[in-house]
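Chains as they are written, first to last, in the working numbering: chain U, 13 to 418; chain L, 13 to 418. Inspection log for the structure reproduced underneath, given as structure tokens.
2 protein chains.
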Amino acid sequence: MSQVCIATYRSYDDKADFHKKAQSIAVGLTVGSWTDLPEARKADMEKHLGKVLSVDVHELAGGDRYADIRIAYPDINFSRDIPALLVTIFGKLSMDGKIKLIDLDVSEQFQSAFPGPTFGLQGVRDALGIHDRPLLMSIFKSVVGHDLANLEDQFFKQALGGVDLIKDDEILFENPLTPLEKRVEVCMAAARRAQQETGQKLLYAVNLTGPTSQLADNARKAINAGANALLFNVLAYGYDVLHELSKDSSINVPIAAHPAMAGAFYPSPHYGIGASVLLGKLMRLAGADLVLFPSPYGSVVMPKEENLAVKDALLAPSDKLRTSFPVPSAGIHPGLVPLILRDFGTDVVVNAGGGIHGHPMGTAAGGQAFRIAIDASLNGTPLREAAAKPGNEPLQAAIDAWGVKE
Amino acid sequence: MSQVCIATYRSYDDKADFHKKAQSIAVGLTVGSWTDLPEARKADMEKHLGKVLSVDVHELAGGDRYADIRIAYPDINFSRDIPALLVTIFGKLSMDGKIKLIDLDVSEQFQSAFPGPTFGLQGVRDALGIHDRPLLMSIFKSVVGHDLANLEDQFFKQALGGVDLIKDDEILFENPLTPLEKRVEVCMAAARRAQQETGQKLLYAVNLTGPTSQLADNARKAINAGANALLFNVLAYGYDVLHELSKDSSINVPIAAHPAMAGAFYPSPHYGIGASVLLGKLMRLAGADLVLFPSPYGSVVMPKEENLAVKDALLAPSDKLRTSFPVPSAGIHPGLVPLILRDFGTDVVVNAGGGIHGHPMGTAAGGQAFRIAIDASLNGTPLREAAAKPGNEPLQAAIDAWGVKE
Chain U
13 MSQVCIATYR SYDDKADFHK KAQSIAVGLT VGSWTDLPEA RKADMEKHLG
63 KVLSVDVHEL AGGDRYADIR IAYPDINFSR DIPALLVTIF GKLSMDGKIK
113 LIDLDVSEQF QSAFPGPTFG LQGVRDALGI HDRPLLMSIF KSVVGHDLAN
163 LEDQFFKQAL GGVDLIKDDE ILFENPLTPL EKRVEVCMAA ARRAQQETGQ
213 KLLYAVNLTG PTSQLADNAR KAINAGANAL LFNVLAYGYD VLHELSKDSS
263 INVPIAAHPA MAGAFYPSPH YGIGASVLLG KLMRLAGADL VLFPSPYGSV
313 VMPKEENLAV KDALLAPSDK LRTSFPVPSA GIHPGLVPLI LRDFGTDVVV
363 NAGGGIHGHP MGTAAGGQAF RIAIDASLNG TPLREAAAKP GNEPLQAAID
413 AWGVKE
Chain L
13 MSQVCIATYR SYDDKADFHK KAQSIAVGLT VGSWTDLPEA RKADMEKHLG
63 KVLSVDVHEL AGGDRYADIR IAYPDINFSR DIPALLVTIF GKLSMDGKIK
113 LIDLDVSEQF QSAFPGPTFG LQGVRDALGI HDRPLLMSIF KSVVGHDLAN
163 LEDQFFKQAL GGVDLIKDDE ILFENPLTPL EKRVEVCMAA ARRAQQETGQ
213 KLLYAVNLTG PTSQLADNAR KAINAGANAL LFNVLAYGYD VLHELSKDSS
263 INVPIAAHPA MAGAFYPSPH YGIGASVLLG KLMRLAGADL VLFPSPYGSV
313 VMPKEENLAV KDALLAPSDK LRTSFPVPSA GIHPGLVPLI LRDFGTDVVV
363 NAGGGIHGHP MGTAAGGQAF RIAIDASLNG TPLREAAAKP GNEPLQAAID
413 AWGVKE
């Protein structure tokens, strides 16, 4: 069983000796000093010493230069929790010039303390009874300041469109108009009403908020009120909080991780934490069953290369951790479905807000347009051809409004 | 009592209409849409609507341009906790192009949910009985892999030098060689032994680590074992965790906030969260009694302007929140003391690691050199003059090794 966690950094420096810098990181973040140690002491300390695995220097046109530096950190130095890991590999170092944490491979030993997603991609599919197509998620729109009746109405319309998951607005917190338990009761009742028409189950990911120490209780309250999924702003609370919620056996519903605050970390080339670590590996390790991240298609964008790295991190084969469902989000309309499936495969959740609520024929038609587009894409039918078929007017209207990218 | 929290963003864009962008943020992160609302509905929703307070556009040479945008968010939209506030003002927005959260003023109403630092600057001074000079903190060096005897020896030598606070290495986690309670017992015993020689009290900030839900118990264990302060890697756990620890009446010792991971947020001009918010305002609001942050003098640097903004945020007069003790850290040696006092005033903790342990005459002399430098600076005596006096050899040796900046 491997017993070192491996961090990869991208370090920009006009003139540094990157090999020396790598060595100073490996020593400085573990035993502190090495060459000064008496030989006898070195024998004892060897097992604590960080090791430089590789230093790849890139000289750029114009004189800029950077190096990708891989360093192995012995597990023995830190407790098996994400805060300890992050503080070790990127605590002080994050403040030491232009340096970004771009990859992270935890050891089998470290990983063994993490059960990972309780449901994962397969569990979410099982819960919905849908194994043969991408899922469809819709997002509440403009619900701050609205009451239960309004919420229920909006929920029902979304559900009627045949969506598989509905997620709360991540900025909807505990409030007197739509308190957590009431919100769950009303929305799940609307889900049942819609199911009588659509024959379809759905998951409602209600936003889990409040003081950190009350989150588990709030989750149980939501579940007792009927919630069958949770939405959680992981980065506003910390990965360890997600980890503890996820491994709590009384919180027995899938957890969808929202990427709120992620843009404070990943977009700079010089600083922060790469998206595949931030929204990929660490979210899965901490137990997110679904992970939302900015799509490469919309206004809130992430370059496609990074997108696919996040997806790969969520879906990488593992005999220990279940996979997490990738949910590329923002700027999605039905005409993008063929592209999404080409980029992400069928193990993806197609997630839309404006692309459902803004549909010219209304919210329910918005969901239907997506479902038609998903079925057509799976069958290899061009969307314009599918849209022309009787009954498929919602897709035609969506294409008229937003176009197609195939 | 004010009831809106005001966020200031710096937004870079080559061609955007910044006024339009500001308006879309103010509406998008609150009510979602506004112009489409029926007039009757607007009356109800007005109290939830974000408002643009100002847009200052700066056109730079070379065609770059940015705007500083101030937006007021009604408290009514979010619960009174830092995760809800951050997700509202910078959750989705953080991912929306080149935008950085550079300032934040919470409302009196929001702030009223936060008692702030329990001890604060004055409480730390009271605990030590020292009111007339900057404090001196020293940092353990290279303690990973060391046993209790070694730790005790290093602690004792630091204490003998007349330091006021000793902080754990932030990468020292719960471990079999130096478990939390044993570590506290051994170090506090060393503190008492040193006190018999120096006549001086000191605070030992032991590193509080472990799973989030066990932190409060671990803190109580440490306190029961004799700990009189705590060190906490706030950003690895989340501000709300600090807030909950700080307001827990059973955790009745000062908490020092370590800036580990801060470099993932503040250094980029285009992304992230400014240092004065990240390490200043939010740390104080969440209840940090002392706040460490990178000094402008050493290898781990922060521009002086940002440094002073952090300090100002920690010390700004308030009739509601106690002030937090500023602890500029990294690269500090005795020859910098006059500069530190000029930049930060006397309400500062002078904090050193290598500048104490690396002293040519040893660790205890390292602390003494700082104490002599602090006294000389307060008296307006140039350090070289003070160093020449009988008994002040430790300062002379430090100056010989590292020089003076006055």
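The C-beta atom is built at its ideal place from N, Cα and C for all residues, glycine as well. This one's a predicted model, so the numbers in the text were calculated from it and none came from an experiment.
Let me know the secondary structure DSSP gives U:Arg53 once reduced to three states. helix
Evaluate L:Pro95 with the Cβ neighbour count: other Cβ atoms within 10 Å of its Cβ, from every protein chain shown; 16 or more gives buried, anything less gives exposed. buried
Does DSSP put L:Asn391 in a helix, a strand or coil? helix
Rounded C-alpha distance that separates U:Asp87 from U:Leu61: 10 Å
Taking the straight line between their C-alpha atoms, what separation do you get for L:Val246 and U:Leu215? 34 Å
Would you call the CB atoms of U:Thr358 and U:Leu133 closer than 8 Å? no
State the Cα-Cα distance for the pair L:Pro146 and L:Asp387, rounded to the nearest angstrom. 9 Å
Do L:Gln380 and L:Pro338 count as a contact pair if the criterion is CB distance below 8 Å? no
Cross-chain neighbours of L:Thr224 in chain U, by beta carbon under 9 Å: Asp93, Pro95, Thr224, Ser225, Tyr249, Gly250, Asp252, Val253, His255, Glu256
Reducing DSSP to helix, strand and coil, say where U:Val265 ends up. coil
Check L:Asp115 in the structure and name its three-state DSSP category. strand
Determine the chain U residues that contact L:Phe122 at a beta-carbon separation under 8 Å, and present them in chain order. Neighbours of L:Phe122 on chain U: none; closest Cβ ~13 Å, over 8 Å.
Between U:Asp68 and the rest of its own chain, which residues show a CB-CB distance below 7 Å, the 5 nearest in sequence each way excluded? Ala79, Asp80
Applying the criterion that 16 or more other CB atoms from any shown protein chain within 10 Å of the CB defines a buried residue, is L:Glu51 buried or exposed? exposed
Chain L contact residues for U:His60, given Cβ-Cβ distances below 9 Å: Val156, Gly157
Using a Cβ cut-off of 8 Å, which residues of the segment 263-283 of chain L contact any Cβ in chain U, in chain order? His270, Pro271, Ala272, Met273, Ala274, Gly275, Ala276, Phe277, Pro279, Ser280, His282, Tyr283
Under three-state DSSP, which class holds L:Tyr309? coil
Cross-chain neighbours of L:Thr100 in chain U, by beta carbon under 7 Å: Ile183
From L:Gly109, L:Asp301, L:Met273, pick the residue whose C-alpha is nearest to that of L:Leu290; which is it? L:Met273
Just curious, the beta strand (DSSP E) that U:Thr20 is in, first and last residue? 16-24
When the distance is taken between beta carbons, is U:Gly347 closer than 8 Å to U:Lys259? no
Residue span of the beta strand (DSSP E) that contains L:Ala241, given as start and end: 241-245
Using a beta-carbon distance cut-off of less than 7 Å, what residues from the segment 230-245 of chain U approach chain L? Asn245
For the structure I just gave you, are there three or more beta carbon pairs, one from the segment 239-256 of chain U and one from the segment 201-219 of chain L, closer than 8 Å? no
Looking only at DSSP bridge pairs, what is U:Leu215 linked to? U:Leu177
How about L:Ile178: is its C-beta nearer than 8 Å to some C-beta of chain U? no
Selection from U:Met314, U:Thr393, U:His369, U:Leu257 that minimises the alpha carbon distance to U:Val175: U:His369
Do the segment 189-205 of chain U and the segment 154-162 of chain U meet, that is, are 3 or more Cβ pairs less than 8 Å apart? yes
Residues that L:Thr42 contacts on chain U, provided the C-beta gap is smaller than 7 Å: Val156
May I ask which residues mark the beginning and end of the alpha helix (DSSP H) holding U:Ser36? 30-40
How is the alpha helix (DSSP H) around U:Val155 delimited, first residue to last? First-last for U:Val155: undefined, no H or E at that position.
L:Tyr78 (DSSP reduced to helix, strand or coil): strand
Can you have a look at U:Ala55 and say buried or exposed, based on whether 16 or more other CB atoms are within 10 angstroms of its CB? exposed
Residues in the same chain with beta-carbon distance under 6 Å from U:Ser288, minus the five sequence neighbours each way, listed in chain order, please. Ala321, Val322, Ala325
Compare the C-alpha of U:Ala376 against each of U:Phe168, U:Gly44, U:Met13, U:Val360 and name the closest. U:Phe168
Taking a Cβ distance cut-off of 7 Å, strictly less, list which residues of the segment 19-38 of chain U are near chain L, in chain order. none
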